[in-house]
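To start, the structure itself, in structure tokens.
Rendered as structure tokens:
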């Protein structure tokens, strides 16, 4: 029997506890599959005495994760602290500096510093693995790096944030407004007390930037991801979408064309009968288009103690077996520059909802604006209303340029009788 | 730059041509991702002069694939001949005998001889890879061996044969009978001239046996897979299924419980709103349940030149990168015996269609049989009919044992007034 792989775990929150449980429960299976065991030698957390449902007996305990990364007797540091900078980054850098492999679930860290960390890991001759950083238990990182490695990937899109999807699913199912569902999600533990990363699209953008780097062989470029969240989605928009044959989903979309890479996270109207429209609740789903494989879809639990532990342990078992591939699928030196194109270059369909005080001539004015911007309207919806009340008017536009769509909206929002800022949601005919 | 990986390709049919095209078109990408190129040194086929749309210039040509496997100047033999025995098996054995890695798309070979070949490959210190043998471009083998390796898999099921699914999809969409759709599928090239492997469930069973071995860490046991095809599925059953809220799909299902492994391929009624019911046409979909990851689903093109080439090349790129894992995820010696339980132990729901000449008392007789076998009926359907004509009567049974269901059917089929052999389709509430 070969010697066991020795690991240290930094961070004993939900995922850290899940990893310790998995390594304990599946010890026999891991040894059979890897030909060697995986043994935890040290852990670090802020509070040693906290009740966690896992025993820390016999493990070296560190309060300082970076110190553990530099000093502990181990081959791998598992970083489960989170956050793009601070102690998480220090810990990973200390681990690489001490020539230890790194396994992390930290999407923010990889989205912000993945390129540099990959270079450092290569120079040190160690692995930098982050399967758990994207889409929980779904082995999408491995699929892009290895399973689909013979393909030129042309696009990748998906539901990358379970909390956002859960909120939109419940708004549609139960007819509730955003704030009500968010509060309930927080009560049930599906949303954080500070929900911004999830509902403002930042978490999905972290994951999208990582996927785009892997898919297109380019340096991670989180700073250029176009990000919009779902706070402004109302029950009214969900109903109008339904009437038009669509559902509203928060998607991450990355594609490559001759101008460069589009990377965007925003709510979308997707056809109600599209497969992605049926992905509900806390599930994640990722759709990849490759030039040989065609369309491939993977769906599963995108977060949570056990699915995330599954991904962390797959990385650990790869290291135990000696399976290594560069962090982003190609050596850092071979990653092309990011070359993200701005949203001004985006073309697509648009849903626009105005709140209008009925006045003669408003539709003629709208029609004039569309003509001036050379934008073609697909549908217009207005329901019965009482005189003098503001009523919603919904336009959908055929494929047009982003700047034209925004120009139309800006002009219309200045009209006499248009109350509130118009709501704009992009249409994706996936 | 490291020296290129040298490969020889045995079999230049659709998949072989796809592999040559991919290696040619993606040469730069492969070199970037693997840090070395993949170069074809030799090929074998029955007829050298046949027009294939790919150039064989500069390649050593062998008429005898096994001779090539033993003699060609290469590191890897890619076996794309097909068939469980004969020249395909000789070629793979010759390759292993000459200490060359093997990449194959041959599901029949692996389903019949995978255990022995894996042992031989281990003894020779070479890889035996067969990502392309199951579900075309979907990287399910890698997912089970590596991406989900920290999980105990409890069940796996899916649509594993695109031809069968295509035929059932078109029967439902177009209201056509099986024979009509099969003929058209053959004309369009979606079904073979000899369609038996596809429509009788054998091809799906080959794939299921391979997946079950990987999922449960047991030796491949194709011989014990329970196999039924779709030749007996009629338009009438598709309509009745629809009326009951189901669709008919040909599924492969493997699960493990304390009695052993169930492995079965047969048509199933699945709820019309289940995700698997929406997988249409030539697509494959595989659902895995793991104790940590939960439910995971992968869907993509299950066959064809380019998706299959994608899978073959992923295996080649793994070898080029030095990524190796045992053929079935654990060393051959550590594979447990198969322990497949017979269908007599199966429990589930059943759909039974009888053709009945109306006579007083027949429903009372059916009710008596169900009572005697202690089987509980869920629904009974009979539509209006002309006197003296045979009419279909459809029963669905609540969960019961296979032997009870078959006992009920056997007894009823002996009744006076029951014409034809009853149709039985199992119900899976997936």
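Chains as they are written, first to last, in our numbering: chain A, 716 to 1145; chain B, 716 to 1145. Ideal placement from N, C-alpha and C gives every residue a C-beta, glycine not left out.
Quick one: is residue i buried, meaning 16 or more other Cβ sit within 10 Å of its Cβ, or exposed?
| i | result |
| --- | --- |
| residue 1030 of chain A | buried |
| residue 1102 of chain B | exposed |
| residue 1115 of chain B | buried |
| residue 776 of chain A | exposed |
| residue 838 of chain A | exposed |
| residue 745 of chain A | buried |
| residue 722 of chain A | buried |
| residue 1048 of chain B | exposed |
| residue 962 of chain B | buried |
| residue 972 of chain B | exposed |
| residue 828 of chain A | buried |
| residue 952 of chain A | buried |
| residue 1078 of chain B | exposed |
| residue 717 of chain A | exposed |
| residue 765 of chain A | exposed |
| residue 1019 of chain B | buried |
| residue 860 of chain B | buried |
| residue 981 of chain A | buried |
| residue 1136 of chain B | exposed |
| residue 840 of chain B | exposed |
| residue 1143 of chain B | buried |
| residue 809 of chain B | buried |
Given this structure, state the Cα-to-Cα distance separating residue i from residue j, to the nearest angstrom.
| i | j | result |
| --- | --- | --- |
| residue 834 of chain B | residue 905 of chain A | 47 Å |
| residue 1043 of chain B | residue 830 of chain B | 8 Å |
| residue 922 of chain A | residue 934 of chain A | 14 Å |
| residue 807 of chain A | residue 759 of chain A | 13 Å |
| residue 1025 of chain B | residue 1007 of chain A | 6 Å |
| residue 783 of chain A | residue 811 of chain B | 46 Å |
| residue 994 of chain A | residue 1076 of chain B | 49 Å |
| residue 832 of chain B | residue 932 of chain B | 16 Å |
| residue 945 of chain B | residue 729 of chain B | 26 Å |
| residue 957 of chain B | residue 724 of chain B | 46 Å |
| residue 943 of chain A | residue 1134 of chain A | 22 Å |
| residue 1011 of chain A | residue 1015 of chain B | 5 Å |
| residue 888 of chain B | residue 753 of chain B | 44 Å |
| residue 732 of chain B | residue 727 of chain A | 51 Å |
Here's a check: name, in chain order, each residue in its chain whose Cβ is nearer than 7 Å to the Cβ of residue i, leaving out the five neighbours to either side.
| i | result |
| --- | --- |
| residue 802 of chain A | 780, 781, 796 |
| residue 881 of chain B | 900, 905, 996, 997 |
| residue 1084 of chain B | 1123, 1126, 1127 |
| residue 843 of chain A | 817, 832, 833, 836, 1042 |
| residue 974 of chain B | 1056, 1060 |
| residue 970 of chain A | 869, 870, 977 |
Would you say residue i and residue j are within 8 Å of each other, going by their C-beta atoms?
| i | j | result |
| --- | --- | --- |
| residue 1032 of chain A | residue 1013 of chain B | no |
| residue 769 of chain B | residue 793 of chain B | no |
| residue 883 of chain B | residue 959 of chain B | no |
| residue 771 of chain A | residue 751 of chain A | no |
| residue 1038 of chain B | residue 847 of chain A | no |
| residue 1132 of chain B | residue 1090 of chain B | no |
| residue 876 of chain A | residue 936 of chain A | no |
| residue 851 of chain A | residue 999 of chain A | yes |
| residue 748 of chain B | residue 849 of chain A | no |
| residue 879 of chain A | residue 914 of chain A | yes |
| residue 799 of chain B | residue 823 of chain B | yes |
| residue 1145 of chain A | residue 948 of chain A | no |
Got a sec? Which residues, its chain only, sit under 6 Å from residue i by beta carbon, not counting five neighbours each side?
| i | result |
| --- | --- |
| residue 805 of chain A | 781 |
| residue 885 of chain B | 896 |
| residue 939 of chain B | 1055 |
Taking 8 Å as the limit between beta carbons, can you name the residues of its chain near residue i, skipping five residues before and five after?
| i | result |
| --- | --- |
| residue 890 of chain B | 950 |
| residue 1148 of chain A | The requested residue 1148 of chain A is not part of the displayed model; chain A covers only 716 to 1145. |
| residue 790 of chain A | 720, 721, 722, 815, 816, 1034 |
| residue 1094 of chain B | 959, 1109, 1110, 1111 |
| residue 763 of chain A | 771, 776, 778 |
| residue 788 of chain A | 721, 756, 757, 775 |
| residue 1117 of chain A | 1058, 1059, 1060, 1061, 1062, 1063 |
Answer yes or no: the CB of residue i versus the heavy atoms of the ligand SAM, is any distance below 7 Å?
| i | result |
| --- | --- |
| residue 1143 of chain A | Looking for the ligand SAM in the displayed structure turns up nothing, as the structure carries no ligands at all. |
I'd like to know if residue i contacts chain C, where contact means its C-beta is closer than 8 Å to some C-beta of that chain.
| i | result |
| --- | --- |
| residue 957 of chain B | As a matter of chain content, chain C is missing from the structure shown, whose protein chains are A and B. |
Q: Check whether the region 926-936 of chain B touches the region 853-871 of chain B, taking contact to mean three or more Cβ pairs, one atom from each stretch, closer than 8 Å.
A: Per the Cβ contact rule, the region 926-936 of chain B is in contact with the region 853-871 of chain B (3 or more Cβ pairs under 8 Å).
Q: Determine, using beta-carbon pairs with one atom in the region 854-865 of chain B and one in the region 1003-1022 of chain B, whether at least three such pairs fall under 8 Å.
A: Taking a cut-off of 8 Å on C-beta distances, the region 854-865 of chain B touches the region 1003-1022 of chain B, as three or more cross pairs fall below it.
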